[in-house]
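Student: Let me give you the structure first, and then I'll get to my questions.
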Amino acid sequence: MPGFNKLARFAGFCEKKFYGRFRWLLRKKQSKGYGIHSPFAFDLITGVIYSPYSFYAFSDLREILSLNGIDPDSITPFNHLSFRLVHYLQARNILEINPGIGINTLFLTAPSSHIRCICVEEDGEKVSVAEYLQKQAGRKRETLSSLSACEGKRYDAIFINQGGSCIPDIHTLTELSHSATFWVVHPIKKGRTKQFWDEIVHDVRARITFDLKDTGIVFLRPDLSKQHYLV
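So the sequence shown is residues -15 to 215, counted in the numbering used here.
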């Protein structure tokens, strides 16, 4: 029935467009804090995720990259967000998975000299560059070649770059977490990265999740009601 098939395809197209429009409107509304009843979520959205303020460290880190032959424009809003989250939530024991040459590591360690950052990276050349940049910034980091070396330890924050080769499952992440740990997952837009993010969002242990289009933030605190925000 050609006519019926065309109608079904058209109906599916309209449904997809409507759903996309609905998500866009919801994201626009929640990104400004409208309809957010959780004080914790409201403060995080308005005061951290979409904070209008900058930090002196941002310009300092741009200069470090420039002096070492790395384009400072490679710094992204994700790097600034990483700094703000660590600064606001006062994470001191951080695990970063697949940090590459360590640009984001600079932002994770910049808020305080008391921060201990453990990085899991298999590429030796990238490790060398990252450790040199950390030295230039007056910070230290520890590097592991395998996530298995982290067994038995728990972290305040876990940052996962899904563009790398080491992608943990949810069970592994929870084993490396305590009740106040937060996760930051990037990117989450398509393919296996989106699939992994969807699994996290629907996991009962992930109490509050924030979808920032290509970055996901997860809080495990059991006192928080399960909620998912598009911001």
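For glycine and all other residues, C-beta sits at the position ideal for the given N, C-alpha and C. Since the model is a prediction, treat every value here as computed from it, not as a measurement.
So which of LYS119, LYS197 and HIS155 has the shortest CA-CA distance to GLU183?
Tutor: Residue mapping note: residue 183 aligns to position 199 of the sequence shown, counting from 1. With distances taken between Cα atoms, GLU183 lies closest to HIS155.
Student: In angstroms with no decimal places, state the Cα-to-Cα distance between ILE201 and GLY147.
Tutor: As a position in the sequence shown, residue 201 is number 217, starting the count at 1. As a position in the sequence shown, residue 147 is number 163, starting the count at 1. One C-alpha to the other measures close to 17 Å.
Student: Just mark SER161 as buried or exposed, buried being the case when its beta carbon has 16 or more other beta carbons within 10 Å.
Tutor: Residue numbering aside, residue 161 sits at position 177 when the sequence shown is read from its first letter. SER161 comes out buried.
Student: Please classify VAL215: does DSSP put it in a helix, a strand, or coil?
Tutor: Sequence index remark: in the sequence shown, residue 215 carries index 231 (1-based). Reduced to three states, the DSSP call for VAL215 is coil.
Student: Measuring CB atoms only, is the stretch 105 to 113 touching the stretch 173 to 188, in the sense that at least three cross pairs come out at less than 8 Å?
Tutor: No: the two stretches stay apart, fewer than three of their Cβ pairs being nearer than 8 Å.
Student: Could you check if ARG205 is buried or exposed, using at least 16 other CB atoms within 10 Å of its CB as the buried criterion?
Tutor: Taking the sequence shown and counting its residues from 1, one reaches residue 205 at position 221. Looking at its Cβ environment, which holds fewer than 16 other Cβ atoms inside 10 Å, ARG205 is exposed.
Student: Going by the CB atoms, is the gap between ILE144 and VAL169 shorter than 8 Å?
Tutor: For the purposes of this step, residue 169 is taken as the residue at position 185 of the sequence shown. For the purposes of this step, residue 144 is taken as the residue at position 160 of the sequence shown. Against a cut-off of 8 Å, the Cβ pair of ILE144 and VAL169 comes out as a contact.
Student: Nearest CA to the CA of TRP181: which residue from TYR139, PRO152 and GLN74?
Tutor: Position 197 of the sequence shown, counting from 1, holds the residue named residue 181. The candidate whose alpha carbon is nearest that of TRP181 is PRO152.
Student: For SER149, does the three-state DSSP call read helix, strand or coil?
Tutor: For this step, residue 149 is matched to residue 165 along the sequence shown. Coil at SER149, not helix or strand.
Student: So which of GLN14, ILE78 and LEU49 has the shortest CA-CA distance to PRO95?
Tutor: Taking the first residue of the sequence shown as position 1, residue 95 is located at position 111. Closest option to PRO95, Cα to Cα, is ILE78.
Student: Have a look at PHE62 and THR93 and give me their C-alpha separation to the nearest angstrom.
Tutor: Locating residue 62 in the sequence shown gives position 78, where the first residue counts as 1. Locating residue 93 in the sequence shown gives position 109, where the first residue counts as 1. Computed Cα separation, rounded: 15 Å.
Student: If you measure between the beta carbons of ALA121 and LEU45, is that distance less than 8 Å?
Tutor: Locating residue 121 in the sequence shown gives position 137, where the first residue counts as 1. Locating residue 45 in the sequence shown gives position 61, where the first residue counts as 1. Yes, Cβ-Cβ distance for ALA121 and LEU45 is below 8 Å.
Student: Taking its Cβ as the centre, do 16 or more other Cβ atoms sit within 10 Å of TYR139, making it buried, or is it exposed?
Tutor: Along the sequence shown, one-based indexing puts residue 139 at 155. So TYR139 counts as buried.
Student: Under the DSSP definition of a beta bridge, which residues are partnered with LYS79?
Tutor: For the purposes of this step, residue 79 is taken as the residue at position 95 of the sequence shown. It is worth fixing the name first, because residue 79 is Leu in this sequence and not Lys. Note: LEU79 sits in a beta bridge opposite ILE102 and ILE142.
Student: Between which two residues does the beta strand (DSSP E) holding PHE203 run?
Tutor: For the purposes of this step, residue 203 is taken as the residue at position 219 of the sequence shown. Counting along the chain, the beta strand (DSSP E) containing PHE203 begins and ends at 200 to 203.
Student: Taking C-alpha atoms, which residue in GLU135, HIS64 and PRO171 lies nearest to ILE87?
Tutor: As a first step, residue 87 must be located in the sequence shown, where it is residue number 103. It is HIS64.
Student: Does DSSP put SER50 in a helix, in a strand, or in coil?
Tutor: Residue numbering aside, residue 50 sits at position 66 when the sequence shown is read from its first letter. In the structure shown, SER50 sits in a helix (DSSP, three-state: H, G or I).
Student: With which residues is ILE192 paired in a DSSP beta bridge?
Tutor: On the sequence shown, position 208 is the one that residue 192 refers to. According to DSSP, which records beta bridges pairwise, ILE192 is partnered with PHE203 and GLN211.
Student: How would you label VAL188, buried or exposed, when you count the other beta carbons within 10 angstroms and need 16 or more for buried?
Tutor: If you number the sequence shown from 1, residue 188 lands on position 204. Label assigned to VAL188: exposed.
Student: Please look up how many angstroms separate the CB atoms of CYS103 and GLU126, rounded, as I've assumed it's under 8 Å.
Tutor: In the sequence shown, residue 103 corresponds to position 119, counting from 1. In the sequence shown, residue 126 corresponds to position 142, counting from 1. Indeed, because the Cβ distance is near 7 Å, the residues count as touching under 8 Å.
Student: In the DSSP output, which residue or residues are listed as bridge partners for SER161?
Tutor: Residue numbering aside, residue 161 sits at position 177 when the sequence shown is read from its first letter. SER161 is bridged to TYR139.
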